[in-house]
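J.: Number 66 in numbering that gives the first Met the number 0 belongs to position 67 of the sequence shown; there are no gaps in the numbering.
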Amino acid sequence: MEFSNKAEDDASANADTLILACMDRRLNSEIDRIGGGTAVVVRNAGADVGLAKVAIERILEQGNIGNVLILPHLDCGAMGLVAGSLLDKKRVDDQVYSGLVRQFEGSFRSRNELESEVNPMMQRHRLEDIINGRDIGIEVRCLDPSRLNPGGTDCTHSLAIMNPSASAYEAIFKSAERSAGGMTLGMASTYVVQPFDAVSARIAVESLGIKNVAFIAANRREAEGFKADALFLGRQDYSSGASINIVDLTRRRIKE
Ligand SMILES: [Zn+2]
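(1) Any idea what DSSP makes of Val100, helix, strand or coil?
(2) Given that a residue counts as buried once 16 or more other Cβ atoms are within 10 Å of its Cβ, and exposed if not, what is Glu7?
(3) Give the DSSP-derived three-state secondary structure of Ser166 in the structure shown.
(4) Between Glu223, Lys226, Gln235, which has its C-alpha nearest Arg201's C-alpha?
(5) Can you tell which of Arg133, Asp143, Ile18, Gly36 has its C-alpha closest to the C-alpha of Asn43?
(6) As a quick exercise: from Val41, His72, Glu56, pick the residue whose alpha carbon is nearest that of Asp143.
(7) Would Val39 and Pro163 be called neighbours here (beta carbons separated by less than 8 angstroms)?
(8) At the level of alpha carbons, what is the spacing between Ser157 and Tyr190?
(9) Can you tell me where the alpha helix (DSSP H) with Phe225 in it begins and where it stops?
(10) Mapping the DSSP letters down to three states, classify Phe195 as helix, strand or coil.
(11) By the DSSP assignment, the beta strand (DSSP E) with Glu138 in it spans what residues?
(12) Quick check on Gly62: buried or exposed, where buried means 16 or more other Cβ atoms within 10 Å of its Cβ?
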């Protein structure tokens, strides 16, 4: 499908499925395949309901969503961070601790148990609280990236930050590359956070070491809205050396 402003604006209005997935780059092709270009997608560190609570509530309030598919996965960087903090007592930033790690205190004994059982169950329960009795189905699938075909070739990893979009990354990334000459957003190399949250962005830039960050705006209004987030991200000590750009799919790149 062709990605356009209209498609983005209507993404959550027309969709009957909401996909909540981890930001991991290896899931992009699978999300495109499962969502078929029509599901609306929200992504962050670990497919975390808490980090995306406001966005999820807003999408569900529009009333058309009948199913939510939660896609956490094995070999997850975010869960590695959680396990490192709670099992190995590695230091993590306070904001990352309260936003992501804390909910798992005392709930698992191994990283594998966390990834394959505890996180999927935790997110299902958090979503049930938000759905609060409405007639919306929940399915949780813990993906195994080693069994997926992420497609494309491996190159420098990037981070794309967007608002919730249609499940059409192939089209979105190509469109972004056209709007921002010289930028490469590979299907297999681009992590995706949507909408922006400071915890997921921090994990991507600080823990995963991503240096190429692109806020992808479907239009001028979204591009304006991203300015404060881009400025915030650029001011953090962990993002020194990272290149942060806003790509307006309807215009040229705005350098921050
Ligand atoms: Zn992950």
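C-beta atoms are modelled at their ideal positions from N, C-alpha and C, and glycine is treated no differently.
T.: Per the coordinate set shown:
(1) helix
(2) Caution applies to Glu7, whose pLDDT of 44 falls short of 50 and renders its modelled position unreliable; the model cannot decide the point.
(3) Taken through DSSP and simplified to helix, strand or coil, Ser166 comes out as coil.
(4) Gln235
(5) Ile18
(6) His72
(7) yes
(8) 6 angstroms
(9) 219-234
(10) Coil at Phe195, not helix or strand.
(11) 136-139
(12) The residue is exposed, with fewer than 16 neighbouring Cβ atoms inside 10 Å.
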